[in-house]
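Q: Questions regarding the structure given below will be posed in turn.
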Amino acid sequence: MSLSPDRLPAPHLAPASGSAAGSASGAFAIETHGLSKHFGKLTAVDGLTISVPAGTIAGFIGPNGAGKTTTIRLLLGLVRPDAGSATILGQPLTNLPGYLPRVGALIEAPAFYPSLSGRANLEVLARLGGYPGARVREVLDLMGLSDRARDRVGSYSSGMKQRLGVAMALLPDPDLLILDEPANGLDPLGIIATRDLLRRLHEQGKTIFLSSHLLGELEQVADWLVMLHQGKALYNGPARAFLDQHQGASFEERFLALLKGEHQ
Ligand code: ATP
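Quick note on the working numbering: the sequence shown kicks off at 45 and runs consecutively.
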């Protein structure tokens with residue numbers, strides 16, 4: 045399902061105040077309600093309530109330390125929330141086996157076997173996950189790694205490792221793809237290739253939740269936006285509506301204006 049902006053729920057401006065439609069409808073790939081995570085005295089995620097419609101490319105933006113990676117780790121069950129709840133692909137956060145097989149994720153620096161080739165790394169994962177062997181060649185092709193597939197991962201550049209990380213996330217042919225800074229280390233060609241890939245996945249009806257500091261890049265691909273600041277949502281709504289609030293302003297200018305408003 046692909047939702048065009050005019051069919052999307054109304055944008056939620058700060059503080060994001062809950063979903064505009066019930067999760068029972070399946071309209072949202074990700075919904076969180078009052079999600080919080082503390083590390084000692086530090087509040088990394090602070091009562092976060094967001095909703096990401098199924099079939100969108102959702103940009104997840106915010107300054108360094110805003111809580112983006114922690115939110116993604118919460119969604120993937122890598123850390124436990126201190127409060128709140130979430131639904132991913134219609135399943136509660138507490139039912140990881142119910143949704144994780146349909147989720148592909150690239151988060152922080154992915155771990156590889158450096159002495160194995162890129163292909164072998166993917167084959168190990170495919171066997172462990174029970175994915176068809178043919179999928180390995182497909183994701184290598186998708187990520188432009190086929191030429192170097194037989195080389196040891198230890199000999200890969202950081203951009204090639206990043207591509208391999210995205211290839212790993214794509215292995216399960218996921219309904220929801222969560223990517224934390226996928227453009228890290230990519231050259232301009234890699235960035236353009238990733239943009240094209242995201243658009244193709246979007247056309248297939250997949251949901252993509254994408255954290256990035258490359259606002260110009262997000263402006264080109266995202267149809268939904270979640271903006272985080274100090275663990276709270278400053279904006280959760282259609283990207284178009286975000287830009288329309290200030291005609292002619294770019295994502296970057298709007299983002300800075302919102303942040304400035306927060307600090308006044
Ligand atoms: P960046 O854009 O710099 O990657 P981010 O938005 O992803 O930042 P997080 O990595 O989620 O931010 O960090 C949010 C806050 O939580 C930061 O202040 C960070 O120092 C803190 N934090 C994250 N993980 C831990 C941890 N394991 N232990 C202690 N503090 C943590």
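A virtual CB, placed ideally from N, CA and C, is assigned to each residue, including glycine.
#1: Just checking Ser-80 against the ligand ATP - is the residue's beta carbon closer than 8 Å to any of the ligand's heavy atoms?
#2: For Asn-280, does the count of other Cβ atoms within 10 angstroms reach 16, so buried, or fall short, so exposed?
#3: Determine which residues share a DSSP beta bridge with Val-147 and list them.
#4: State yes or no: is the C-beta of Asn-280 nearer than 8 Å to some heavy atom of the ligand ATP?
#5: Thinking Met-204 and Pro-154 are a contact (beta carbons under 8 Å), I'd like their distance in whole angstroms, please.
#6: Which residues have a Cβ closer than 5 Å to any heavy atom of the ligand ATP, listed in chain order?
#7: According to DSSP, which residues form a beta bridge with Phe-104?
#8: In chain order, what are the residue ranges of uninterrupted alpha helix (DSSP H) at least 4 long that sit wholly in the region 130-207?
#9: Which word fits Asn-165, buried or exposed, when buried means at least 16 other C-beta atoms lie within 10 angstroms of its C-beta?
#10: Using DSSP bridges, identify the partner residues of Asn-228.
#11: Using CA atoms only, rank isn't needed, just tell me which of Thr-100, Glu-152, Arg-244, Leu-137 is closest to Lys-112.
#12: What three-state label does DSSP hand Ala-73 in the structure shown?
#13: Looking at His-77 and Thr-93, is the spacing between their C-beta atoms short of 9 Å?
#14: Flag this pair as yes or no: are the beta carbons of Glu-263 and Ala-285 separated by less than 9 Å?
#15: Let me know if Gly-249 comes out buried or exposed under the rule of 16 or more other beta-carbons within 10 Å of its beta-carbon.
#16: Give me the residue from Gly-209, Gly-198, Ser-199 with the minimum Cα distance to Val-180.
#17: Using a 10 Å radius around the Cβ and a threshold of 16 neighbouring Cβ atoms, would you call Tyr-157 buried or exposed?
#18: Sort Ile-101, Leu-150, Pro-145, Val-96 by Cα distance to Gly-130 and report the nearest one.
#19: Considering only the alpha carbon of each residue, which of Ile-105, Arg-117, Ser-202 lies closest to Met-271?
A: Well, looking at it:
#1: Locating residue 80 in the sequence shown gives position 36, counting from the first residue. No, the beta carbon of Ser-80 sits no closer than 8 Å to any heavy atom of the ligand ATP.
#2: The residue labelled residue 280 in the question sits at position 236 within the sequence shown. Buried, by the Cβ-count rule.
#3: Stepping through the sequence shown from its first residue, residue 147 is reached at position 103. Looking at the DSSP assignment, Val-147 forms a beta bridge with Leu-220.
#4: Along the sequence shown, one-based indexing puts residue 280 at 236. Not under cutoff, so the answer is no.
#5: Residue 204 sits at position 160 when you count from the first residue of the sequence shown. Residue 154 sits at position 110 when you count from the first residue of the sequence shown. Between Pro-154 and Met-204 the Cβ distance is about 12 Å, and since that is not below 8 Å, they are no contact.
#6: Phe-83, Ala-88, Asn-108, Gly-109, Ala-110, Gly-111, Lys-112, Thr-113, Thr-114
#7: Position 60 of the sequence shown holds residue 104. In DSSP, Phe-104 forms a bridge with Ser-255, Val-270.
#8: Every unbroken stretch of the alpha helix (DSSP H) spanning 4 or more residues and falling wholly within the region 130-207 is given here in chain order: 140-143, 162-173, 178-186.
#9: As a position in the sequence shown, residue 165 is number 121, starting the count at 1. Asn-165 comes out buried.
#10: The residue you call residue 228 lines up with position 184 of the sequence shown. In the DSSP output, where bridge partners are listed per residue, Asn-228 has none listed.
#11: In the sequence shown, the residue the question calls residue 112 occupies position 68. Nearest option by C-alpha distance: Glu-152.
#12: In the sequence shown, counting from the first residue as 1, residue 73 sits at position 29. Strand, per DSSP.
#13: Taking the sequence shown and counting its residues from 1, one reaches residue 93 at position 49. Taking the sequence shown and counting its residues from 1, one reaches residue 77 at position 33. Yes, the pair counts as a contact, with Cβ atoms nearer than the cut-off.
#14: Looking up residue 263 in the sequence shown gives position 219. Looking up residue 285 in the sequence shown gives position 241. It is not a contact, given that the beta carbons lie outside the stated cut-off.
#15: Taking the first residue of the sequence shown as position 1, residue 249 is located at position 205. Exposed, because fewer than 16 other Cβ atoms sit within 10 Å of the Cβ of Gly-249.
#16: On the sequence shown, residue 180 is found 136 positions in, with the first residue counted as 1. Ranking Gly-209, Gly-198, Ser-199 by Cα distance to Val-180 puts Gly-209 first.
#17: In the sequence shown, counting from the first residue as 1, residue 157 sits at position 113. Exposed, because fewer than 16 other Cβ atoms sit within 10 Å of the Cβ of Tyr-157.
#18: Here the question's residue 130 lines up with position 86 in the sequence shown. Note on residue identity: the sequence assigns Ala, not Gly, to residue 130. Nearest option by C-alpha distance: Val-96.
#19: In the sequence shown, residue 271 corresponds to position 227, counting from 1. Of the listed residues, the one whose Cα sits closest to Met-271 is Ile-105.
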